[in-house]
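Asker: The following block contains the structure, expressed as structure tokens.
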Amino acid sequence: MPTSHPHYKFILALPLLLWTSLVWAKTWNVCDDCEHNSIKETISLAQPYDTLLVQKGTYREFEILVDKPLVIRGVGYPIVDGEKKGEIFRVTSDHVTLDGLFIINVGVSYTKDNAAIRVVQSKNFLIQNMVLEQLFFGIYLEKSSHGKVYHNRIIGEAVDEYNSGNGIQLWYSSGIEVLKNHVQGTRDGIYLEFSDEITIAENVSMENLRYGLHFMFSNNDVYTNNTFENNGAGVAVMFSKFITMRNNTFRKNWGTAAYGMLLKEINDAEISGNIFEENTIGINIEGSNRIKYNDNDFIGNGWAIRVIGACYTNIFKGNNFLYNSFDISYNSKLNDNVFEGNFWSSYTGYDLDKDGIGDVPYRPVKLFSYVVNRTPETIVLLRSLFMDIIDFSERVSPVFTPDNLKDAQPLMKVRS
Amino acid sequence: MLKILKYSFYDLIRSRWSYVYFLFYLALGFVLLFLNNDVSKAVITLMNVIIVLIPLIGTIFGVMYYYNSREFTELLLAQPIKRSSIFLGQYFGVAGSLTLSLVLGLGIPFVLYGLLRSNAIFDFSLLLVTGAFLTFIFVGLSFVIAISNENKIKGFGYAVLLWLFLAVVYDGLFLMSLIVFEEYPLDTFSLVATILNPIDLSRILILLKLDISALLGYTGAIFKQFFGTNLGFLISLAILLLWTILPLLGLRYKAGKKDF
Chain A
142 MPTSHPHYKF ILALPLLLWT SLVWAKTWNV CDDCEHNSIK ETISLAQPYD
192 TLLVQKGTYR EFEILVDKPL VIRGVGYPIV DGEKKGEIFR VTSDHVTLDG
242 LFIINVGVSY TKDNAAIRVV QSKNFLIQNM VLEQLFFGIY LEKSSHGKVY
292 HNRIIGEAVD EYNSGNGIQL WYSSGIEVLK NHVQGTRDGI YLEFSDEITI
342 AENVSMENLR YGLHFMFSNN DVYTNNTFEN NGAGVAVMFS KFITMRNNTF
392 RKNWGTAAYG MLLKEINDAE ISGNIFEENT IGINIEGSNR IKYNDNDFIG
442 NGWAIRVIGA CYTNIFKGNN FLYNSFDISY NSKLNDNVFE GNFWSSYTGY
492 DLDKDGIGDV PYRPVKLFSY VVNRTPETIV LLRSLFMDII DFSERVSPVF
542 TPDNLKDAQP LMKVRS
Chain B
70 MLKILKYSFY DLIRSRWSYV YFLFYLALGF VLLFLNNDVS KAVITLMNVI
120 IVLIPLIGTI FGVMYYYNSR EFTELLLAQP IKRSSIFLGQ YFGVAGSLTL
170 SLVLGLGIPF VLYGLLRSNA IFDFSLLLVT GAFLTFIFVG LSFVIAISNE
220 NKIKGFGYAV LLWLFLAVVY DGLFLMSLIV FEEYPLDTFS LVATILNPID
270 LSRILILLKL DISALLGYTG AIFKQFFGTN LGFLISLAIL LLWTILPLLG
320 LRYKAGKKDF
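These protein sequence lines map, in sequence, to chains A and B. In terms of my numbering, the first sequence is residues 142 to 557. In terms of my numbering, the second sequence is residues 70 to 329.
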């Protein structure tokens, strides 16, 4: 039938046309002397799945709403300057990619959490290779899921906690990967609240005002191979369950109220292969149960582990405790935690049968640390001869410290 | 007085004790820096040694020297020399030579290991200054004890007891009172109790200058507030000075009254 032939052809071509329109989505160039010189304007003209190439230059724009699936890619790190007027990017659509932009001057507000990039109720987004400076909040993910925050550099200049924001904040989000970011000089480097199934890996979070990483009410999260250095108070993990913390480094969180890691109301977590180096307190534990501490290194901390109270059925196995002022501080006489097969640098026992395990149990709690827990003022006797003498006598025959708090199988050599 | 000072000083140097003391510190300094190359960490370890050993050595040395040179002292007393200058001369001779051994013995290895280029130089000089003060204080105290006791055994006993009291027992009593009165605000009390004992005062002065002071927490903050200011620092130096002068006054008084 000749009449119906073209019609038939058209039906055949329809999916082809749609497909080509997807693949040959339009690319928009944005630059100072192009046809389009504003990001905001170009977004409103673009069709879904188009690509915006933002060329090198300075764009003084804020409140840029990305409400359709777009790829916005910077070429040669164009500067988007918010001029301290408010939020800069707001993503409300799924499938948005932001790549290679240099965003500066986010407006500081005491009523709104202005962010350099805010993602609201979106899925499958990708934020990568961004540089954020002079910010309030950096990347703020709100009720979003299945996205990736990859290789961004966030440098804040936070001075006071009340007028600074967090580097990367996740709020009611899930299934997000935060990889290889560098966060520095913000209030909390990375902050999670009500966010589950998040992976945080290979980030560096340093010199933040409060915490390098902060968990609140977030379960089933994993963080591995991150470095937290010189933050106000290290990493705080609070009110969360099933968190896995592996191969992270906590360094130089040093100060009168600082610690490497704070655990508060954490249950069923795994903490293994981490390095805690030169923190005032390596791990501060409060009300945390059923946690496995395996193969961690505690090096040169003030207190390696400080147990404040209500911690039951925790297992400490195969850790290295090297040259800490106090290995463990404990405030009750009751002990339900297991210490087994750790290496303690101040262990002085012997190994007659040469099986690599000391024949005499090691008691990690010094009398001094017990006394300090009871009467904090006594810390002024730190490093006095008298304290060394009574520590020694307590170690020989424990009277005040929990009798069963001991490592019955201390290692003779450092676990490598 | 200067002549006697010089005589005592050279006497000690000739008797090789100063050398032994000097070599001890030299070895200590080198070994510490050899074991960990970090100057500021070595300062911490050194502090432990200094606040225990310097008072002990000062005490023993002072008593020993006084009893040993007794005959010579009697000979001098027969000469027309003021009593106070005889004893003060001997005192400064002993304390001076001990201090010199300390400063050179520790100074040489640290300078060789690049102290001048590190920022630990202030901590280190504070360490030496408190060390010198402790030497002067404890030699002075031991001279007073020795001059008040004819019996050598008794004199030695008292001197060692004094060291034991200030280095160990005092802290024990301090700790006990802190625990007994834990219901009360103790900050001022612990501050005062620390200042009253020269060993504790030196320990805290050095500790506060080091990183480790972060361990002191809340109490440390109060101490820092006090010692961190110029006034606090001057007060603590004044207390150390007072501790040095009081035994000297005692020595003069005793020397003037004693019937040889």
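Virtual Cβ for every residue (Gly too), placed ideally from N, Cα, C.
State buried or exposed for A:C175, treating a residue as buried only when at least 16 other CB atoms are found within 10 Å of its CB.
Answerer: As a working mapping, residue 175 of chain A is identified with position 34 in the first sequence. It counts as exposed.
Asker: At a CB-CB cut-off below 8 angstroms, which residues of chain B make contact with A:I530?
Answerer: Start at 1 with the first residue of the first sequence, and residue 530 of chain A comes out as number 389. Ordered by position in chain B, the residues that pass the 8 angstroms Cβ test against A:I530 are V237.
Asker: What is the rounded straight-line gap between the Cα of B:I62 and the Cα of B:I119?
Answerer: In the structure as shown, chain B begins at 70 and stops at 329. Residue 62 of chain B is therefore absent and cannot be evaluated.
Asker: Apply the 10 Å Cβ neighbour rule to B:L157 and answer buried if 16 or more other Cβ atoms are within range, or exposed otherwise.
Answerer: Taking the second sequence and counting its residues from 1, one reaches residue 157 of chain B at position 88. So B:L157 counts as buried.
Asker: According to a CB-to-CB cut-off of less than 9 angstroms, which residues of the segment 524 to 554 of chain A neighbour chain B?
Answerer: Those would be R524, S525, L526, F527, M528, D529, I530, I531, in chain order.
Asker: Express the C-alpha separation of A:G396 and B:R186 in angstroms, rounding to a whole number.
Answerer: Along the second sequence, read from residue 1 onward, the residue named residue 186 of chain B stands at position 117. Along the first sequence, read from residue 1 onward, the residue named residue 396 of chain A stands at position 255. When rounded, the distance between both Cα atoms is 26 angstroms.
Asker: Between the segment 280 to 295 of chain B and chain A, which residues of the former have a C-beta closer than 8 angstroms to a C-beta of the latter?
Answerer: Cβ contacts with chain A: D280, I281, A283, L284, L285, G286, Y287, T288, G289, A290, F292.
Asker: Considering only residues of the same chain and omitting the five flanking positions on each side of A:I220, which have a CB-CB separation below 6 angstroms?
Answerer: Residue numbering aside, residue 220 of chain A sits at position 79 when the first sequence is read from its first letter. So the list reads T199, F243, once near-sequence residues are dropped.
Asker: Anyone know if the C-beta pair for A:F278 and A:G306 falls short of 8 angstroms?
Answerer: Your numbering for residue 278 of chain A matches position 137 in the first sequence. Your numbering for residue 306 of chain A matches position 165 in the first sequence. Contact flag set, yes.
Asker: Taking the continuous alpha helix (DSSP H) assigned at B:V249, which residues delimit it?
Answerer: Taking the first residue of the second sequence as position 1, residue 249 of chain B is located at position 180. Here the alpha helix (DSSP H) through B:V249 covers 239 to 249.
Asker: Please state whether the Cβ-Cβ distance between A:I184 and A:F230 is less than 8 angstroms.
Answerer: Counted from its first residue, the first sequence places residue 184 of chain A at position 43. Counted from its first residue, the first sequence places residue 230 of chain A at position 89. Cβ distance not < 8 angstroms, so A:I184 and A:F230 don't count as in contact.
Asker: Note down, in chain order, every chain A residue with its Cβ under 9 angstroms from the Cβ of B:L247.
Answerer: Counted from its first residue, the second sequence places residue 247 of chain B at position 178. Residues of chain A passing the Cβ test: V512, T516, E518, T519, V521, L522.
Asker: In angstroms, rounded to a whole number, what distance separates the CA positions of B:V332 and B:S211?
Answerer: This structure cannot settle anything about residue 332 of chain B, because the visible part of chain B is limited to 70 through 329.
Asker: If you measure between the beta carbons of B:T288 and A:V521, is that distance less than 8 angstroms?
Answerer: Here residue 288 of chain B refers to the residue found at position 219 of the second sequence. Here residue 521 of chain A refers to the residue found at position 380 of the first sequence. Cβ distance < 8 angstroms, so B:T288 and A:V521 count as in contact.
Asker: Beta-carbon separation of B:I113 and B:I281 under 8 angstroms?
Answerer: Position 44 of the second sequence holds residue 113 of chain B. Position 212 of the second sequence holds residue 281 of chain B. Yes, the pair counts as a contact, with Cβ atoms nearer than the cut-off.
Asker: Hey, does B:L309 have any beta-carbon neighbour from chain A nearer than 8 angstroms?
Answerer: Position 240 of the second sequence, counted from the first residue, corresponds to residue 309 of chain B. No, because no Cβ of chain A sits closer than 8 angstroms to the Cβ of B:L309.
Asker: Please list, in chain order, all residues of the same chain as A:H236 whose beta carbon is under 6 angstroms from its beta carbon, the five residues on each side excluded.
Answerer: Your numbering for residue 236 of chain A matches position 95 in the first sequence. Once the five neighbours on either side are set aside, the close Cβ partners of A:H236 are P210, N265.
Asker: In angstroms, rounded to a whole number, what distance separates the CA positions of B:S15 and B:S166?
Answerer: This structure does not reach residue 15 of chain B, given that chain B is present from 70 up to 329, and the question cannot be answered.
Asker: Exposed or buried, which one is A:E302 when buried takes at least 16 other CB atoms within 10 Å?
Answerer: Translated into positions along the first sequence, residue 302 of chain A becomes position 161. The residue is exposed, with fewer than 16 neighbouring Cβ atoms inside 10 Å.
Asker: What are the uninterrupted segments assigned as beta strand (DSSP E) that are 3 or more residues long and contained completely in the segment 253 to 280 of chain A, given in chain order?
Answerer: DSSP runs (the beta strand (DSSP E)) wholly in the segment 253 to 280 of chain A: 256 to 261, 267 to 269, 272 to 274.
Asker: Taking C-beta pairs closer than 8 angstroms, name the residues in chain B that A:G396 reaches, listed in chain order.
Answerer: Taking the first sequence and counting its residues from 1, one reaches residue 396 of chain A at position 255. Going along chain B in sequence order, the residues near A:G396 (Cβ under 8 angstroms) are A283.
Asker: Please report the straight-line C-alpha distance between A:M347 and B:F99, rounded to a whole angstrom.
Answerer: Counting from 1 along the first sequence, the entry for residue 347 of chain A is found at position 206. Counting from 1 along the second sequence, the entry for residue 99 of chain B is found at position 30. When rounded, the distance between both Cα atoms is 36 angstroms.
Asker: Just to confirm the assignment, what range does the beta strand (DSSP E) spanning A:W444 have?
Answerer: The residue you call residue 444 of chain A lines up with position 303 of the first sequence. 444 to 450 is the span of the beta strand (DSSP E), which, as asked, contains A:W444.
Asker: Short check: CB of B:F302 to CB of B:I273, under 8 angstroms?
Answerer: Translated into the one-based positions of the second sequence, residue 302 of chain B becomes position 233. Translated into the one-based positions of the second sequence, residue 273 of chain B becomes position 204. The answer is no: Cβ separation not under 8 angstroms.
Asker: Here's a check: name, in chain order, each residue in its chain whose Cβ is nearer than 6 angstroms to the Cβ of A:I213, leaving out the five neighbours to either side.
Answerer: Mapped onto the first sequence, residue 213 of chain A falls at position 72. Answer for A:I213: L193, L239, listed in chain order.
Asker: Let me know the beta strand (DSSP E) ranges lying completely inside the segment 472 to 518 of chain A, each 3 residues or longer, listed in chain order.
Answerer: Entirely contained in the segment 472 to 518 of chain A, the beta strand (DSSP E) runs reaching 3 residues are, in chain order, 479 to 481.
Asker: Am I right that A:S349 and A:K382 are in contact with their C-beta atoms under 8 angstroms? What's the rounded C-beta distance?
Answerer: Numbered from 1 along the first sequence, position 208 holds the residue referred to as residue 349 of chain A. Numbered from 1 along the first sequence, position 241 holds the residue referred to as residue 382 of chain A. The sequence given here places Asn at residue 349 of chain A; Ser does not occur at that position. That belief does not hold up - the Cβ atoms of A:N349 and A:K382 are roughly 25 angstroms apart, past 8 angstroms.
Asker: Rounding to the nearest angstrom, what Cα-Cα distance links B:S153 and A:G401 in this structure?
Answerer: The residue labelled residue 153 of chain B in the question sits at position 84 within the second sequence. The residue labelled residue 401 of chain A in the question sits at position 260 within the first sequence. Those two C-alpha atoms are separated by around 59 angstroms.
Asker: Per DSSP, B:I314 is paired with what?
Answerer: Here residue 314 of chain B refers to the residue found at position 245 when the second sequence is read from its first residue. DSSP lists no partner for B:I314.
Asker: For the beta strand (DSSP E) containing A:L194, name the first residue and the last one.
Answerer: As a working note, residue 194 of chain A is residue 53 in the first sequence. Where A:L194 is concerned, the enclosing beta strand (DSSP E) stretches over 192 to 195.
Asker: Is there a Cβ of chain B sitting closer than 8 angstroms to that of A:G443, yes or no?
Answerer: For the purposes of this step, residue 443 of chain A is identified with residue 302 of the first sequence, where counting begins at 1. Output row for A:G443: interface = yes.
Asker: Are the C-beta of B:D240 and some C-beta of chain D separated by less than 8 angstroms?
Answerer: Looking at the structure shown, chain D is missing, and the protein chains on hand are A and B.
Asker: Expressed to the nearest angstrom, what Euclidean distance is found between the alpha-carbon atoms of B:L247 and B:I206?
Answerer: If you number the second sequence from 1, residue 247 of chain B lands on position 178. If you number the second sequence from 1, residue 206 of chain B lands on position 137. Going by the C-alpha atoms only, they are around 27 angstroms apart.
Asker: Which of the three DSSP states, helix, strand or coil, is assigned to A:S145?
Answerer: Reading the first sequence from its first residue, position 4 is the one you call residue 145 of chain A. Residue placement at A:S145 cannot be trusted, given a pLDDT of 48 that sits under 50; the coordinates are not used to answer.
Asker: With a cut-off of 8 angstroms, does the C-beta of B:N117 fall near any C-beta of chain A?
Answerer: Taking the first residue of the second sequence as 1, we reach residue 117 of chain B at position 48. By this cut-off, B:N117 is an interface position.
Asker: Which of the three DSSP states, helix, strand or coil, is assigned to B:S217?
Answerer: In the second sequence, counting from the first residue as 1, residue 217 of chain B sits at position 148. Note: B:S217 maps to helix in three-state DSSP.
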